[in-house]
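First comes the structure, then the notes that go with it.
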């Protein structure tokens with residue numbers, strides 16, 4: 001799945017607990033984990049992930065190996081849009097899995113976030129994909145991000 005980016009490291013999570021991958025073409029996310037630095041809370045990490053990634057899906061598993069049918073359907077709809085996106089495997093990040101539903105006021109996974117806003121879960125994403133709304137939303141977010149990153 002060449003369009004996906006896994007969050008590669010987060011403060012407060014041990015390196016051995018990280019099992020996500022970064023895909024070519026997307027920047028790696030590195031957070032300072034040096035001893036003595038103030039560690040961010042899980043909620044702050046979630047907020048940073050959402051703000052730094054224009055298209056982000058919190059899911060069970062990875063885009064290449066989803067661990068539930070809802071995550072698989074969501075990723076399939078996202079991949080059909082043809083734009084790169086970031087993902088976080090909540091099965092490998094239990095703190096995020098526990099805290100994100102409180103932050104989002106959305107109890108289930110997957111969760112799709114676009115431009116810092118929660119779009120919804122699998123049913124909403126699939127419905128948007130079928131109506132063509134998802135591709136429009138994703139392409140607009142990607143274009144906006146590409147414009148901002150190029151300094152235009």
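In UniProt numbering, the protein residues as written are 1 to 152.
For glycine and all other residues, C-beta sits at the position ideal for the given N, C-alpha and C.
Which partner residues does residue i have in the DSSP bridge list?
i	result
residue 89	59
residue 113	56, 118
Reducing DSSP to helix, strand and coil, say where residue i ends up.
i	result
residue 66	strand
residue 107	coil
residue 84	coil
residue 26	Confidence is the limiting factor: at residue 26 the pLDDT is only 35, short of 50, which leaves the residue's position unreliable, though a coordinate-based value still follows. The answer is coil: DSSP assigns residue 26 none of H, G, I, E or B.
residue 136	helix
residue 148	helix
residue 35	Unreliable positioning characterises residue 35 in this predicted model, as indicated by a pLDDT of 36, which lies under 50. The coordinate reading is nonetheless provided below. Here residue 35 sits in coil by DSSP.
residue 186	Summary: the structure shown does not reach residue 186, with the chain confined to residues 1 through 152, and so no result is reported for it.
With a Cβ-Cβ cutoff of 9 angstroms, do residue i and residue j count as a contact?
i	j	result
residue 90	residue 56	no
residue 73	residue 122	yes
residue 134	residue 78	yes
residue 110	residue 71	yes
residue 129	residue 86	no
Where does residue i land, buried or exposed, given buried means 16+ other C-beta within 10 angstroms?
i	result
residue 45	buried
residue 138	buried
residue 62	buried
residue 93	buried
For residue i and residue j, which I take to be in contact (beta-carbon distance under 8 angstroms), what is that distance rounded to the nearest angstrom?
i	j	result
residue 219	residue 113	Residue coverage of the chain in this structure runs from 1 to 152, which leaves residue 219 outside it and unanswerable.
residue 42	residue 96	6 angstroms
residue 54	residue 142	7 angstroms
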